[in-house]
Amino acid sequence: MLKRLVRRVTAPREDTGFSLIELLVAMMIITAVLVILMAVQTSALVTTAQSRQRTQATAVSNQILEELRSLPWLVLSRGLHTNFAGAAGGDANVAGGSLRPVADPSINEVLVTSSSQATDVPPLSGTGGSNKTVSADVSGVGTPFTSRVYVSRSSATTTDVLTLTVITTWTRSGRSTAASVIARSQAYAPDGGCGDPANQPFLGACQALLSSSGGALGPSITLTGQDPATTVVGPAAPPAPGPGPWPLLPGSNALTATLSLSRAGSSSTSQQATATDSVVTHGGVVVEGVDPATPLASDGSGKLTNAASNDVGASGAAPANPADVVGTGPVATTNIPAGPASLSLTAGTGTSGTARASTTASCRTGIPAGQPCSAGLLSSGSASNVTLSLPTGSVSVWGYAGGGSSSTFTGRFTNAPGTAAVGCATLAGAGCTSAGSQRTLGGSTFGVGPWDGGVAAANGLVRVASYTDSVLVERGSSQRTTAATATRSASVQYWDGAGYQTLTVTPSTNQTVNGGQVTWTTPNGTVTAKATVAVTPAMSIASNPDPLLCKTDGCSLDAEAGTLTVTVTYTLSTPLGSSAFTAVATYGTANANAGYKAAPDA
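Each residue of the sequence shown is one higher than the last, beginning at 22 in our numbering.
And the structure:
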């Protein structure tokens with residue numbers, strides 16, 4: 022029994038574990054692996070940082086190279102200042118008057134230097150003539166980049182070619198050694214163009230630059246919801262709950278509504294070739310809520326466009342003499358219901374539009390064939406209106422009679438003059454360009470309704486009749502300071518609370534008048550209204566920084582025939598609550614501009 026017990030105690034055990042030495046060996050292996058991984062990660066981080074530095078250094082070099090190329094040719098051709106090395110504190114890339122970069126010994130080119138080089142044209146020649154630029158590290162690591170620029174001549178190129186070199190150096194991240202990148206390009210002596218090589222790096226086109234445009238903007242009206250608690254023109258209305266935005270009518274989600282009638286525009290640009298275009302936009306209606314990007318309703322506003330060019334062979338150029346683009350605008354209408362009240366807006370149909378452009382045919386009487394031109398034409402059209410309705414009647418917020426006509430044109434006169442009606446009647450040198458607009462508009466009434474008192478404002482708050490305007494501008498070799506021509510006439514009647522007063526509109530009229538207040542009381546609500554008429558004068562702005570030559574910045578002329586604006590403020594109280602809106606109607610304007618910049622010296 023005792024022997025068996027001894028054998029059992031001294032017998033080898035099958036589950037013997039690691040010894041202490043084996044455990045230490047395992048820990049050493051794990052530690053070595055971790056150290057290797059840390060070294061690999063550190064090396065990767067250093068490599069990434071160095072790669073980022075090189076990328077940034079390349080960007081710095083390219084930027085400085087572009088700055089170098091943008092210097093005027095006569096500045097660039099003088100090369101480095103003879104004191105560039107001394108001003109920069111020495112230069113290891115230069116040996117014996119030649120460029121011998123440390124980073125690329127294969128480059129061996131004679132430097133271009135001059136003692137007459139200016140010292141205020143960095144990066145080529147900065148303070149004291151230095152060619153060195155130090156750029157900050159925008160990544161925030163703090164590495165400065167030092168760039169030096171050089172102008173040299175290579176034996177592999179002709180004498181009118183300069184080689185431009187930018188060498189940027191920096192200290193590598195995680196090391197004390199320097200690194201560098203080299204960016205190179207070539208600059209060529211300007212040839213075959215016009216301009217001043219002392220002030221620009223290359224020569225431009227030798228032709229004069231002429232441009233013109235004209236616009237005939239049609240009437241429009243915009244209704245905008247207001248705070249009925251502050252927009253009171255009659256008895257005080259109770260404050261509406263909560264802050265704005267304010268609806269046009271009580272219970273409506275419409276905040277603004279705009280009705281625009283047809284308009285036309287034309288333009289032309291000419292230098293080596295002439296491009297001209299025209300556009301006609303028909304009337305339309307837009308109603309907006311809280312999000313202007315998503316209208317609640319939109320109708321009309323179709324476009325006609327046309328373009329012509331004499332740039333023969335150019336890719337994508339318009340044809341020389343395209344056919345007229347003709348179209349008739351459809352009726353555009355929308356309705357804004359809100360309980361017992363509603364607003365309706367209708368832009369009349371039947372407006373005939375023509376978009377015309379040509380470089381060979383005449384676009385308008387007075388413009389000879391063969392002179393590039395464009396024109397936008399509008400005629401006739403049925404009545405348009407904005408109406409506020411209640412079950413017992415309605416108020417005509419705006420009634421436009423329709424009819425009338427509008428036109429706009431541009432002309433580029435090179436070898437045949439125009440007439441007094443279209444401008445450019447005298448030609449010299451590079452010729453002339455002109456633009457003009459003419460409008461004859463239908464009559465309008467504002468605020469016609471069953472106002473209390475019977476005869477009060479029986480013909481409306483405001484009436485506009487016989488509105489015409491025009492404008493003409495021209496610029497060219499012989500028209501550098503020619504003044505704009507503007508005409509305008511109209512008759513305006515407005516209710517002042519006791520009777521009608523007349524305002525005669527001329528080009529110089531600059532006046533604002535306030536009308537009287539009217540009220541309409543119905544079982545379904547109360548409407549109050551009051552009008553204001555504002556007329557601004559015709560104006561023109563001539564920019565002639567160099568009126569004798571028009572070379573430096575050119576000579577331009579902008580003009581318009583003035584504006585007429587009728588603003589009527591309405592408040593409305595119904596069983597659904599109170600609301601207010603302003604109806605701002607503008608009669609548009611005729612405008613035009615023309616510009617001329619003489620050709621640079623050859």
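Just so you know, even glycine gets a beta-carbon here, dropped at the ideal spot from N, CA and C.
Exposed unless 16 or more other CB atoms sit within 10 angstroms - verdict on residue i
i	result
LYS324	exposed
LEU231	buried
ARG196	exposed
SER176	exposed
TYR209	exposed
GLY265	exposed
ASN387	The sequence as given places Gly at residue 387; Asn does not occur at that position. GLY387 is buried by the Cβ-count criterion.
ALA113	exposed
GLN532	exposed
PRO596	exposed
ASN327	buried
GLY118	exposed
VAL306	buried
VAL311	exposed
GLU309	buried
GLU43	exposed
ALA257	Caution is warranted here: a pLDDT of 41 is assigned to ALA257, below 50, making its placement in the model unreliable, and the coordinate value is therefore given only provisionally. The residue in question, ALA257, is exposed, as its Cβ has fewer than 16 Cβ neighbours within 10 Å.
Rounded C-alpha distance that separates residue i from residue j
i	j	result
SER146	ASN342	53 Å
PRO262	GLY598	Residue confidence for PRO262 is low, a pLDDT of 43 falling below 50, so the modelled location carries little weight and cannot support an answer.
VAL534	GLY463	22 Å
ARG350	GLY235	As written in the sequence, residue 350 is Gly, which differs from the Arg given in the question. One C-alpha to the other measures close to 21 Å.
THR21	SER400	Since the displayed the chain opens at 22 and closes at 623, residue 21 lies outside it and no answer follows.
GLY150	PHE105	5 Å
LEU41	LEU58	26 Å
SER427	SER373	10 Å
GLN514	ARG484	5 Å
VAL46	VAL61	23 Å
ASP567	GLN500	13 Å
PRO412	ASP320	26 Å
ALA237	ARG385	16 Å
ALA601	PRO528	34 Å
PRO143	ASN152	7 Å
ALA604	THR277	10 Å
SER135	VAL115	16 Å
SER291	LEU493	19 Å
ALA486	SER512	5 Å
ARG460	THR354	24 Å
SER577	CYS453	12 Å
PRO222	ARG193	36 Å
LEU524	SER510	11 Å
ALA80	PRO316	46 Å
SER168	PRO389	60 Å
VAL131	GLN84	24 Å
Local conformation of residue i per DSSP, three classes
i	result
TRP419	strand
TRP267	coil
GLN84	helix
VAL253	Confidence at VAL253 is low in this model, with a pLDDT of 46, below 50, so the placement of that residue should be treated as unreliable; the coordinate-derived value is given next. VAL253 falls in the coil class under three-state DSSP.
GLN207	strand
LEU409	strand
GLN500	coil
THR375	strand
Contact with chain D by residue i, beta-carbon distance below 7 Å
i	result
SER234	The displayed structure is made up of one protein chain only, and chain D is not part of it.
For residue j and residue i, believed in contact at Cβ under 8 Å, the rounded distance
i	j	result
TRP516	GLY497	Between GLY497 and TRP516 the Cβ distance is about 49 Å, and since that is not below 8 Å, they are no contact.
VAL301	ALA376	5 Å
VAL8	TRP541	Outside the displayed range of the chain (22 to 623) lies residue 8, so it cannot be described from this structure.
THR190	ALA200	7 Å
THR503	ASP490	The Cβ separation is near 20 Å, so there is no contact.
Meets three-Cβ-pair contact criterion under 8 Å: the region 576–591 and the region 608–616: yes
At least 3 beta-carbon pairs within less than 8 Å: the region 418–435 vs the region 379–398: yes
The region 463–473 in contact with the region 548–568 per 3-pair CB rule at 8 Å: Three or more beta-carbon pairs drawn from the region 463–473 and the region 548–568 are found closer than 8 Å, and the two stretches are therefore classed as touching.
Three-pair Cβ contact test at 8 Å for the region 234–251 versus the region 279–289: yes
At least 3 beta-carbon pairs within less than 8 Å: the region 406–413 vs the region 362–379: yes
Sufficient close CB pairs (3 or more, under 8 Å) joining the region 121–137 to the region 87–94: no
Inter-stretch contact at 8 Å, needing at least 3 Cβ pairs: the region 441–449 / the region 473–487: no
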